[in-house]
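The sequence shown begins at 1371 in the numbering used here and counts up one residue at a time. Don't be surprised by glycine CBs; every beta carbon is placed ideally from N, CA and C. A quick note: this is a predicted structure, and the numbers were derived from the prediction, not measured. Below: one structure, written as C-alpha cells.
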Amino acid sequence: MKVRTTGYFFRQAFKSILRNFWMSVASVATVAICLFILGSFTLLIANTNYIAHKVESDVEIAVFTMVDATEKEVESVGERLEGIDHVSSIEFISKEKGLQQLNKKFGKEHDLLKALDGNNPLPDYYLVKAKEPDKVPVIVQETEAMPYVEKVNYGQGIVEPLFKIANWIRVGGAVTVILLAVCTVFLIAVTVRLTIFARRREINIMKFVGATNWFIRWPFFIEGLFLGLMGSAAACLVLYFSYNFLADKIILTFAFLPILKDAAVIKRMSLIVLGGGPLVGALGSMLSVHRFLQV
1371 MKVRTTGYFF
1381 RQAFKSILRN
1391 FWMSVASVAT
1401 VAICLFILGS
1411 FTLLIANTNY
1421 IAHKVESDVE
1431 IAVFTMVDAT
1441 EKEVESVGER
1451 LEGIDHVSSI
1461 EFISKEKGLQ
1471 QLNKKFGKEH
1481 DLLKALDGNN
1491 PLPDYYLVKA
1501 KEPDKVPVIV
1511 QETEAMPYVE
1521 KVNYGQGIVE
1531 PLFKIANWIR
1541 VGGAVTVILL
1551 AVCTVFLIAV
1561 TVRLTIFARR
1571 REINIMKFVG
1581 ATNWFIRWPF
1591 FIEGLFLGLM
1601 GSAAACLVLY
1611 FSYNFLADKI
1621 ILTFAFLPIL
1631 KDAAVIKRMS
1641 LIVLGGGPLV
1651 GALGSMLSVH
1661 RFLQV
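Encoded structure:
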C-alpha cells in the first residue's frame, strides 16, 4: 500500500468522524459503556473467586492420634503425613499444648478443667494444610487409613458445601462473563452498523465511480479502530480508578474481607479492555461494510 494512499485513508476516516460527529460520539459511548460493564463484572467475578480461594486455602485438617499411642507411634503418623503428595504444611500440637489452648479458650471458667483432677485426656494431633483445596478429601481418605489415627476432622459439614458453592461461582462467573462479552460485541456491532447505514449513500457513490471493495473498506476500518480505541481508553481509565477507589473503601470498612489488590491483575484487565475496543470496533466496521458492499 502506497504512503499517499494510506494518508488518504486516514484523512477520509477522520473527516468522516468529524462529519458524523454525534454518531461517532454515540459509537464511542457505546463501546465505553459496554466494555466498562464487562470489565466491572469480570473484576467482580475475579474477586469472588479470590475470596472463595482464600476461604478454601484456610481449611485445616485435624488428624487426632490415639490417646494411648506412644511417642514413636505419634511421630510415625507425622512422617506418613509428610509423605503425602498434596500436603503443603504440617503442625504438631502436643496434648500439653492442646490443654493450654483449652485453658485459654475457657478463660474465667478454667475452673471447670479442675474436674479433670490433673489428668490430660486430650490426644496429640496434627494440623495439616493442603496444597490445593480440592485435594482435601484425598488427604483425608489417605489419613483415615493410617495406623494410630483415631479421628480426622476438617469441618466437612461446612467445607464440602463451601467447595460446591465456590465451584458454582467459578462456573457461573465464567459463563456470565462469556455471555456479557457476546452481548458487548453485539451491541457495538449494531452501533457501528447504524453509523455505516447512515452513510450507505456515500458507499454507493464510491462503488458507482469504480472504487474497489478494499478501497471503500479501509477508511471505515480505520474509523472503527479509532472509535473503538477511544471508547476502550475511556472505559479503561474509569474502570482502573473507580476499582482502586472502591477497593480501598471496602478494605477500610470491611478489613476482614480479602479484596483483590494485585496491581498486575488490574493492569492486565485494563490492557484487555484497552485492546478489546479497537478489535471490536474494527471488526464491527468490516462486517457492516461487507454487508453493504454485497448489496
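| Query | Result |
| --- | --- |
| Any idea if S1597 is buried or exposed, counting beta-carbon neighbours within 10 angstroms, 16 or more meaning buried? | Reading off the sequence, residue 1597 comes out as Leu, not Ser. Its Cβ being crowded by 16 or more others within 10 Å, L1597 is buried. |
| Would you check if the distance between the CB atom of V1522 and the CB atom of V1510 is smaller than 8 angstroms? | yes |
| Just list the residues that DSSP pairs L1497 with in beta bridges. | A1432, E1461 |
| Just the C-alpha distance for S1386 and K1505, rounded to the nearest angstrom, thanks. | 59 angstroms |
| For C1553, count neighbouring C-beta atoms within 10 Å of its own C-beta (all shown protein chains included) and say buried if the count is 16 or more, exposed if not. | exposed |
| Have a look at D1618, G1651, L1609, M1656 and flag the residue whose alpha-carbon is nearest the alpha-carbon of R1638. | L1609 |
| Rounded to a whole number of angstroms, what is the C-alpha to C-alpha distance between V1635 and Y1496? | 36 angstroms |
| Tell me whether the segment 1587 to 1597 and the segment 1373 to 1385 touch, counting them as touching only if at least three CB pairs, one residue from each stretch, are closer than 8 angstroms. | yes |
| Counting only the same chain and skipping the five closest in sequence on each side, list residues whose C-beta sits under 7 angstroms from that of G1646. | L1405, S1602 |
| Mind checking T1400: buried by the 16 CB within 10 Å criterion, or exposed? | buried |
| Based on Cα-Cα distance, which residue from G1594, L1649, K1631, I1642 lies nearest to V1395? | G1594 |
| Could you tell me which uninterrupted beta strand (DSSP E) segments, each at least 3 residues in length, are contained entirely in the segment 1389 to 1439, listed from first to last along the chain? | 1431 to 1435 |
| Suppose the cutoff is 7 angstroms on Cβ atoms and the five residues either side in sequence are ignored; what does the same chain contact list for C1606 look like? | S1640, V1643, L1644 |
| Would you kindly work out how many angstroms separate the C-alpha atoms of W1538 and T1375, rounded to a whole number? | 54 angstroms |
| Since V1560 and A1500 should fall inside the 8 angstroms C-beta cutoff, what is the C-beta to C-beta distance between them, to a whole number of angstroms? | The Cβ separation is near 48 angstroms, so there is no contact. |
| If you reduce the DSSP assignment to three classes, tell me which class E1502 lands in. | coil |
| Pairs of beta-carbons, one from the segment 1621 to 1630 and one from the segment 1410 to 1429, closer than 8 angstroms: are there three or more? | yes |
| Using 8 angstroms as the limit for Cβ to Cβ distance, is A1416 near chain C? | Absence of chain C from the displayed structure is noted, only one protein chain being present. |
| With distances taken from CA atoms, which of I1431, A1633, D1618 is nearest E1514? | I1431 |
| Just reading off the beta strand (DSSP E) that K1631 is part of, what are its end residues? | Note, K1631: premise wrong, no beta strand (DSSP E); not H, not E. |
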